[in-house]
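Here's the structure we're looking at; comments come further down.
Protein chains in written order, with our numbering: chain A, 1 to 117; chain B, 1 to 177; chain C, 1 to 85.
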């Protein structure tokens with residue numbers, strides 16, 4: 001095995017483990033926003049790392065895989081942000097411990113109307 | 001994202017040309033990435049199609065103009081990417097620790113802080129970067145106030161939160177955009 | 001090399017099961033949409049691995065289009081739930 005193949009194998013294994021941890025986080029976390037956090041971060045790095053690992057195995061494909069990596073790194077946080085805002089506007093508030101802060105609730109609650117955007 | 005729609009403001013001719021050229025360059029790079037070849041015919045088709053698309057999209061894709069290509073800004077852009085990747089890896093180990101420990105050590109809450117960034121695109125980049133850094137998720141941006149869901153709230157004070165979450169990124173982004 | 005791909009794919013299959021449980025169980029619509037988004041990301045990585053396994057360059061296009069469609073789907077659902085569509 002050459003050095004490129006070793007780097008690629010390492011990246012693929014680490015990426016798949018992070019994908020698994022993200023799925024576990026989605027399964028275990030208590031409320032929607034914590035699930036979003038676990039899901040977004042772990043799956044983003046996991047998918048990026050798997051795809052880059054394949055790029056190290058097959059250097060001819062590297063440019064196209066790089067486009068894929070940039071797209072995933074750009075689109076995943078955007079979709080999770082859109083989802084978080086939509087669920088907040090549906091008045092589903094995050095689970096907090098006693099005395100937890102919730103600054104955004106004050107924006108949604110007093111008028112009760114949806115802001116146009 | 002609820003702020004003034006920038007695509008309705010009038011633009012000067014210089015800004016338009018500059019944005020058009022920048023879009024053209026970016027789209028051509030994306031095309032080369034898609035096709036994966038430097039064949040002459042493919043390249044010519046890509047350049048023509050990217051030119052037409054960026055001419056049609058001058059008012060919509062208002063990300064950046066040619067000033068971004070100054071070497072100093074490119075240097076800070078590279079530095080931003082490195083800082084961002086380090087934060088991404090750190091956040092994943094942090095998240096793995098929380099997910100794997102049996103007691104789920106989390107203390108979630110929503111904090112807010114103000115940012116000094118002006119352009120909408122810079123705000124979007126900052127919000128995306130916040131989403132991928134340790135334990136934070138951006139929920140909404142209203143004018144210049146960011147609302148952040150924080151999985152382990154250390155302080156509800158806006159300034160402390162700003163220092164903890166966004167200071168590094170914002171210092172770099174101000175220099176870039 | 002192939003054993004590494006089989007290892008990664010089997011780990012991702014277990015992950016798929018966890019996400020599918022959340023997809024079926026999820027108390028709110030939001031949970032289901034998050035699970036769907038994660039399923040898309042898992043699918044994209046799986047297709048990339050498969051394209052290396054079968055040595056087909058064209059499968060990468062499938063992965064890219066799948067990722068774009070999943071992203072647009074989640075954005076559209078979010079805008080719909082927000083009431084802005």
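Yeah, the Cβ is synthetic: ideal placement off N, Cα and C, and Gly gets one too.
Sort out for me which residues DSSP pairs residue i with in a bridge.
{"i": "residue 113 of chain B", "result": "B:146"}
{"i": "residue 138 of chain B", "result": "B:148"}
{"i": "residue 128 of chain B", "result": "Answer is none; residue 128 of chain B lacks a bridge partner."}
{"i": "residue 107 of chain B", "result": "B:152"}
Examine chain A for any beta-carbon lying closer than 7 Å to the beta-carbon of residue i, and answer yes or no.
{"i": "residue 41 of chain B", "result": "no"}
{"i": "residue 140 of chain B", "result": "yes"}
{"i": "residue 81 of chain B", "result": "no"}
{"i": "residue 76 of chain C", "result": "no"}
{"i": "residue 2 of chain C", "result": "no"}
{"i": "residue 33 of chain C", "result": "yes"}
{"i": "residue 13 of chain C", "result": "no"}
{"i": "residue 137 of chain B", "result": "yes"}
{"i": "residue 3 of chain B", "result": "Per-residue confidence for residue 3 of chain B stands at a pLDDT of 48, beneath the threshold of 50, marking its modelled position as unreliable; the derived number appears in the next sentence. No, its Cβ sits nowhere closer than 7 Å to a Cβ of chain A."}
{"i": "residue 65 of chain C", "result": "no"}
{"i": "residue 193 of chain B", "result": "Here chain B has residues from 1 to 177 only, and residue 193 of chain B is not among them."}
{"i": "residue 54 of chain C", "result": "no"}
{"i": "residue 78 of chain B", "result": "no"}
{"i": "residue 22 of chain B", "result": "no"}
{"i": "residue 53 of chain B", "result": "no"}
{"i": "residue 23 of chain C", "result": "no"}
{"i": "residue 62 of chain C", "result": "no"}
With 7 Å set as the bound, which would you pick, yes or no: does the beta-carbon of residue i sit closer than that to a beta-carbon of chain B?
{"i": "residue 67 of chain A", "result": "yes"}
{"i": "residue 71 of chain A", "result": "no"}
{"i": "residue 94 of chain A", "result": "yes"}
{"i": "residue 113 of chain A", "result": "At residue 113 of chain A the pLDDT is 46, less than 50, meaning the model places this residue with poor confidence and gives no usable figure here."}
{"i": "residue 84 of chain A", "result": "yes"}
{"i": "residue 59 of chain A", "result": "no"}
Taking the alpha carbon of residue i as the point to measure from, which residue in the options has its own alpha carbon closest?
{"i": "residue 13 of chain C", "options": "A:22, A:64, A:6 and A:11", "result": "A:22"}
{"i": "residue 80 of chain A", "options": "C:11, C:35, C:21 and C:19", "result": "C:35"}
{"i": "residue 14 of chain B", "options": "B:127, B:143, B:141 and B:58", "result": "B:58"}
{"i": "residue 89 of chain A", "options": "B:84, B:139 and B:78", "result": "B:139"}
{"i": "residue 50 of chain B", "options": "B:56, B:118, B:162 and B:27", "result": "B:27"}
{"i": "residue 45 of chain A", "options": "A:14, A:54, A:33 and A:35", "result": "A:14"}
{"i": "residue 103 of chain B", "options": "A:25, A:4 and A:9", "result": "A:25"}
{"i": "residue 95 of chain B", "options": "A:3, A:38 and A:7", "result": "A:38"}
{"i": "residue 24 of chain B", "options": "B:52, B:33 and B:177", "result": "B:52"}
{"i": "residue 150 of chain B", "options": "B:87, B:107 and B:39", "result": "B:107"}
Could one say the Cβ of residue i lies closer than 7 Å to chain C's Cβ atoms, at least one of them?
{"i": "residue 91 of chain A", "result": "no"}
{"i": "residue 117 of chain A", "result": "Low confidence applies to residue 117 of chain A: its pLDDT is 42, below 50, so where it sits in the model is not reliable, and the reading given next is rough at best. Yes, residue 117 of chain A counts as interfacial toward chain C."}
If you measure from the CB of residue i, is any heavy atom of the ligand HEM nearer than 6 Å?
{"i": "residue 12 of chain A", "result": "For the ligand HEM, the structure offers nothing, since it holds no ligand at all."}
Quiz item: If contact means a Cβ-Cβ distance below 9 Å, which residues of the region 31 to 56 of chain A contact chain B?
Solution: 31, 33, 34, 36, 37, 38, 40, 41, 42, 44, 45, 46 and 48
Practice problem: Specify whether the region 42 to 51 of chain A and the region 18 to 33 of chain A touch according to this definition: at least 3 beta carbon pairs, one from each stretch, less than 8 Å apart. | Solution: yes
Self-check item: chain B contacts from the region 2 to 29 of chain A (Cβ-Cβ distance under 7 Å)
Solution: 18, 21, 24, 25 and 28
Quiz item: Is the region 47 to 63 of chain C touching the region 83 to 98 of chain A in the sense that three or more CB pairs, one from each, lie closer than 8 Å?
Solution: no
Self-check item: Contact list for the region 85 to 104 of chain B against chain A, Cβ threshold 9 Å
Solution: 88, 89, 91, 92, 94, 95, 96, 98, 99, 100 and 104
Practice problem: Kindly confirm or deny that the region 51 to 68 of chain A and the region 24 to 37 of chain A touch, where touching means at least three C-beta pairs closer than 8 Å. | Solution: Touching, no, given that fewer than three Cβ pairs across the two stretches are closer than 8 Å.
Quiz item: Can at least three beta-carbon pairs, one atom from the region 89 to 104 of chain B and one from the region 13 to 27 of chain C, be found at a separation below 8 Å?
Solution: no
Quiz item: Does the region 25 to 43 of chain C come close enough to the region 67 to 80 of chain C to have 3 or more Cβ pairs within less than 8 Å?
Solution: yes
Quiz item: At a cut of 8 Å, does the region 108 to 122 of chain B reach the region 145 to 157 of chain B through at least three beta carbon pairs?
Solution: At 8 Å Cβ cutoff, the stretches touch.
Quiz prompt | At least three beta-carbon pairs within less than 8 Å, the region 118 to 127 of chain B to the region 156 to 174 of chain B | solution = yes
Exercise. Please list the residues of the region 149 to 175 of chain B that have a C-beta atom closer than 8 Å to any C-beta atom in chain A, keeping them in chain order.
Key: Contacts with chain A (Cβ-Cβ distance below 8 Å) from the region 149 to 175 of chain B involve 149, 151, 153 and 156, listed in chain order.
Exercise. Determine, using beta-carbon pairs with one atom in the region 76 to 89 of chain B and one in the region 2 to 12 of chain C, whether at least three such pairs fall under 8 Å.
Key: No: the two stretches stay apart, fewer than three of their Cβ pairs being nearer than 8 Å.
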